[in-house]
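**Student:**
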Amino acid sequence: MKDTQGSLVRRCPRLGNPVPFDYCEVCGDEQQPCFKILDCWWEHFDVVRYLKENLPEDQFNRLMAARPKPKVASLVELIEQARKRNV
0 MKDTQGSLVR RCPRLGNPVP FDYCEVCGDE QQPCFKILDC WWEHFDVVRY LKENLPEDQF
60 NRLMAARPKP KVASLVELIE QARKRNV
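FYI, the numbering for the sequence shown is 0 to 86, going by numbering that gives the first Met the number 0.
1) Going straight from the alpha carbon of Ala64 to that of Arg84, what length do you get?
2) Just the Cα atoms here: how many angstroms apart are Val71 and Ile78?
3) Quick one: what does DSSP say Asp2 is sitting in, helix, strand or coil?
4) Give every residue of the same chain whose Cβ lies closer than 6 Å to the Cβ of Pro55, excluding the five residues on either side of it in the sequence, and list them in chain order.
5) Arg61 to Gln31, Cα distance in whole Å?
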């Protein structure tokens with residue numbers, strides 16, 4: 000990762016807290032970039048070019064085609080994860 004991107008911080012619309020760019024690179028499913036990484040960072044630097052240069056082609060293509068899960072599905076998944084932790 001380049002130092003300039005590593006020092007960038009912005010408010011995460013999903014978490015509601017400030018997060019560094021390098022967190023966004025690995026906070027998605029299976030340690031992949033967050034599906035909102037393009038929406039969040041395009042105003043700060045050329046995030047598309049950065050990801051294209053730093054991700055394998057298939058991973059980059061999946062990210063470009065990614066769509067967020069419906070809110071209800073996300074909530075159900077979070078509830079299931081919480082139940083598994085408490086069992």
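In this text, a Cβ means the ideal position worked out from N, Cα and C, and glycines have one as well.
**Tutor:** A quick look at the data gives this:
1) 31 Å
2) 11 Å
3) Unreliable placement is indicated for Asp2, whose pLDDT of 49 sits below 50; the coordinate value is still reported in the next sentence. Here Asp2 sits in helix by DSSP.
4) none
5) 10 Å
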